[in-house]
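Data block below; observations after.
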Amino acid sequence: MDSTAKDEMQPALPPGPKWPEQERAEQLARGAALKWASGIFYRPEQLARLGQYRSREVQRTCSLEARIKSVVQSYLEGVKSGVWQLAQALETVQEAREALGQAHGLLRDMAEAIQTLEPLREQVVQHKQLQALSQLLPRLRAVPAAVVHTQILIDAHRLLEAYVSLRELEQLQEETWASLGGLELPVFEGLGPLAEALGQAVEAAVGTAGQLAREDPALLVAAVRVAEVEAGRTTSLEQPPRNWRQRCLRALEEGLERVHFGTPLLPGPGALAEWLEALRVALPAELATAEALIAPCCPPHYKVVQLWAHTLHSGLRRCLQQFLEGPELGATDAFTLLQWALHVYLGPEMMGSLELGPEADVSQLEPLLTLENIEQLEATFVSKVQASMVQWLQKALDGEVAEWGREQEPDTDPSGFYHSPLPAIVLQILEENIRVTSLVSESLQRRVHSMALSELGAFLRSFNDALIRFSRDHLRGEAIAPHYVSYLLAALNHQSALSSSVSVLQPDGVALGALAPVEAALDELQRRICRLVLEALLLELQPLFATLPSRHWLSSPELLDDVCERTACFCRNFWRVRNPAFQMLLAEAERTVVLQYLSALMQRRLVCRGAEERNQAAERMQHDATQLRNLFLDLGLEESVHCAPVLLTLRNLLNLHDLTMLGLEVASLRQQFPDVNEDHVSALLDLRGDVSREQRLAAISSLQDGPQPSPLPGHRALFSLVPAPTPASSSCLLGTCA
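Residue numbers (the UniProt record's numbering): 1 to 738.
What follows is the structure, given as structure tokens:
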């Protein structure tokens with residue numbers, strides 16, 4: 001088609017409306033032209049060149065118009081070509097629509113023809129099914145008998161033959177199903193129960209693997225082979241997998257747990273130790289059987305030994321958890337279970353035996369007892385042992401207290417010291433309970449150690465209270481003890497024995513300060529016993545010191561002879577007390593005698609009338625100091641701890657002839673005994689009877705002059721324990737009485 005014909009076929013475009021942009025462009029162009037012209041022809045000399053400018057602009061205008069015309073023409077040609085192509089496409093679409101309508105009519109006619117052939121197709125299918133069924137009919141008639149035969153094989157534990165028969169029946173079922181297009185025949189309805197019966201038989205055989213491995217290993221092997229072959233079977237029937245392998249593994253676990261951890265086998269109260277001992281023997285034997293007899297009957301991937309070890313471990317763990325949820329255990333059972341689970345079970349006697357292979361290792365599994373279980377058992381053991389310990393200690397204390405009122409003196413050991421089994425019993429009770437817990441764990445040992453020390457402290461307090469009641473009843477006359485002091489001395493030996501042996505209760509790894517409360521309680525008990533002994537001594541001596549000093553005392557030694565005799569009689573059994581308590585008790589007795597002597601001097605019962613009486617008093621005090629020194633040396637007291645030399649210092653104060661030296665003598669007294677005070681010095685000066693007011697003032701003032709003396713090393717207070725009566729108002733010199 002030439003361009004002329006093409007142009008004739010293209011429709012003519014009607015004139016369109018004028019564009020607003022075009023009008024605006026024309027206005028802008030006119031404005032720009034006017035602006036340019038006014039700029040160019042602003043000066044008169046430019047008007048001469050107006051013709052040139054006009055011809056130049058005409059040429060430019062023509063050029064622009066030609067270019068615009070060319071562009072518009074090209075645009076119009078493109079639009080005409082597009083419109084023509086759209087017209088051609090419309091004709092093509094209409095032709096395709098007509099062709100599709102014709103094809104749709106043909107398909108509708110073919111569908112009607114196919115429907116007329118559907119009965120024929122069904123007849124063909126039925127013919128094929130009847131043909132296949134006629135071929136399988138002889139085999140289908142034998143299915144019921146084969147099912148019965150297979151069941152007989154199952155009942156006779158001929159598992160491999162039964163499985164072969166079952167597989168033949170199932171293959172026939174698959175062929176029939178495929179031939180009949182998925183049609184299920186009633187003759188195969190018994191295969192499902194038959195397969196389940198065979199699976200149960202296999203499961204039952206594997207569940208008694210331990211027994212079968214010894215008596216009939218062929219049956220065990222057959223059961224395992226059936227399960228393994230079934231695991232690899234594929235079927236075209238829409239049946240769920242039987243999972244006989246998993247059922248066999250589960251049966252192995254359940255059978256093993258049933259043998260060792262069945263409900264009838266759980267121990268009753270008090271039978272836990274026997275049950276654990278039986279498991280200690282049975283579990284390693286079971287693992288050895290698994291390794292020697294059962295593992296060869298199973299495929300390697302069964303990992304029989306590992307399965308056995310893990311099953312025994314988990315079953316035992318679950319059994320122990322159930323056991324702990326029951327009634328609370330006694331102390332013996334709690335200790336036995338802790339020691340067995342933490343040490344015996346993983347030890348060389350059981351699961352850690354060198355005879356077992358690495359597959360039997362259970363050390364990486366969950367422990368038999370959780371931390372909560374261990375905490376529960378330890379708390380139970382500690383509470384039960386504490387209750388028993390309280391009873392034992394109380395019984396021992398009651399037996400000891402019952403002997404204090406006997407007519408006989410306390411028993412003695414071969415060395416002659418007062419002796420009683422009480423300390424040994426107490427320490428044995430505590431030490432054995434602490435020592436035995438080291439077989440379990442450090443935490444249990446620490447708890448029992450702490451509890452034992454607490455109970456020992458409570459026992460010492462009870463012992464202290466019993467001594468107080470014993471002394472009170474004796475002194476009140478409610479229960480006179482014939483050998484009151486002797487039993488106090490025996491109690492002091494008990495305290496010494498406990499003090500010297502309490503270190504055996506300190507296990508390794510426990511802080512050194514753990515015994516501090518017990519040691520403090522023992523020190524308090526020692527002070528209590530000494531106080532009671534000294535109170536008894538005071539009751540003996542106070543009537544004798546009631547007349548000292550006196551005129552009779554100045555002239556006769558009878559008064560102190562009585563004191564020494566009574567003291568020697570009282571202290572005659574002190575030698576039955578072991579050192580260092582013996583020396584301590586003698587030192588306290590000597591100190592008590594000296595304190596009574598000083599207290600008597602401070603009572604202002606005697607005032608010397610002259611130098612002769614002062615000399616007599618000084619000589620008497622020197623004689624008394626010597627007599628007391630010899631008395632306690634004979635009793636066995638070391639001379640370095642004597643307090644009687646204080647009497648020699650006071651004797652120097654009484655025997656002083658130059659009263660101008662009285663201040664120095666008082667200062668020397670203060671230097672030796674820093675606890676002496678004004679009342680003591682005043683009472684001693686009153687005993688002299690020759691000290692004037694001014695001299696007394698000067699002597700007492702010397703106590704306040706100079707620095708306060710520091711206590712001497714090893715010095716114990718004397719004068720601070722000596723009460724001095726307050727001087728009368730007439731003798732108050734320093735104004736402190738007010």
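No residue lacks a Cβ here, since even glycine has one placed at the ideal position from N, Cα and C.
In this text the structure is predicted, and so the values were computed from the model without any measurement.
Item: Can you tell me the Cβ-Cβ gap for residue 452 and residue 434, rounded? I've got them flagged as a contact below 8 Å.; Value: 6 Å
Item: Considering only their Cβ atoms, is the gap separating residue 422 from residue 400 smaller than 8 Å?; Value: yes
Item: What three-state label does DSSP hand residue 412 in the structure shown?; Value: strand
Item: What whole-angstrom Cβ distance do residue 473 and residue 479 have, given they're in contact under 8 Å?; Value: 4 Å
Item: By DSSP, does residue 53 sit in helix, in strand, or in coil?; Value: helix
Item: Rounded to whole angstroms, what's the CA-CA distance from residue 438 to residue 219? Just pull it up for me.; Value: 50 Å
Item: Comparing C-alpha positions only, which one of 596, 587 and 593 sits nearest to residue 641?; Value: 587
Item: For the alpha helix (DSSP H) that contains residue 530, what are its first and last residues?; Value: 516-545
Item: Does the count of Cβ pairs from the segment 213-232 and the segment 168-177 closer than 8 Å reach three?; Value: no
Item: Considering only their Cβ atoms, is the gap separating residue 447 from residue 382 smaller than 8 Å?; Value: yes
Item: Tell me where the alpha helix (DSSP H) around residue 380 begins and ends.; Value: 371-403
Item: Consult DSSP for residue 418 and reduce its assignment to one of helix, strand or coil.; Value: strand
Item: Please go through the same chain and pick out, in chain order, the residues whose beta-carbon is closer than 7 Å to the beta-carbon of residue 592, but skip the five residues on each side of it.; Value: 534, 537 and 538
Item: Kindly give me the distance between the Cβ atoms of residue 650 and residue 621, rounded to whole angstroms, as I take these residues to be in contact under 8 Å.; Value: 6 Å
Item: For residue 210, count neighbouring C-beta atoms within 10 Å of its own C-beta (all shown protein chains included) and say buried if the count is 16 or more, exposed if not.; Value: buried
Item: To the nearest angstrom, how far is the alpha carbon of residue 38 from that of residue 82?; Value: 47 Å
Item: Can you tell me which of the three DSSP states residue 234 falls into?; Value: coil
Item: Grab me the residues of residue 380's own chain with a C-beta within less than 7 Å of its C-beta, minus the 5 sequence neighbours each way, in chain order.; Value: 328, 329 and 334
Item: If residue 666 and residue 703 are in contact, beta carbons under 8 Å, what's the gap, nearest whole angstrom?; Value: 6 Å
Item: Could you tell me which of 86, 590 and 577 sits nearest to residue 568, measuring between CA atoms?; Value: 590
Item: Examine the Cβ distances between the segment 287-297 and the segment 237-250 and report whether three or more of them are shorter than 8 Å.; Value: no
Item: With DSSP run on the structure shown, which of helix, strand or coil describes residue 75?; Value: helix
Item: Does the distance from the CB of residue 201 to the CB of residue 159 come in under 8 Å?; Value: yes
Item: For the alpha helix (DSSP H) containing residue 35, name the first residue and the last one.; Value: 20-40
Item: Nearest-angstrom Cα distance between residue 580 and residue 655?; Value: 38 Å
Item: Smallest Cα separation from residue 144: which of 155, 156 and 165?; Value: 165
Item: For residue 343, tell me which candidate among 361, 441, 222 and 395 has the shortest Cα-Cα distance.; Value: 441
Item: Measuring CA to CA, which of 206, 225, 418 and 260 is closest to residue 250?; Value: 206
Item: Which word fits residue 518, buried or exposed, when buried means at least 16 other C-beta atoms lie within 10 angstroms of its C-beta?; Value: buried
Item: Among the residues of its own chain, which have a CB less than 8 Å from the CB of residue 147, if the five just before and after it don't count?; Value: 169, 190, 191 and 194
Item: Starting from residue 695, trace the alpha helix (DSSP H) in both directions and tell me its first and last residue.; Value: 693-701
Item: Can you tell me which of 602, 223 and 384 puts its alpha carbon nearest to the alpha carbon of residue 162?; Value: 223
Item: Taking all protein chains shown into account, decide if residue 199 is buried (16 or more other Cβ within 10 angstroms of its Cβ) or exposed.; Value: buried
Item: Assuming contact is defined by CB atoms lying nearer than 8 Å, are residue 559 and residue 541 in contact in what I supplied?; Value: no
Item: By Cβ distance, which residues of its chain are closer than 6 Å to residue 521, with the 5 residues on each side in sequence left out?; Value: 457 and 460
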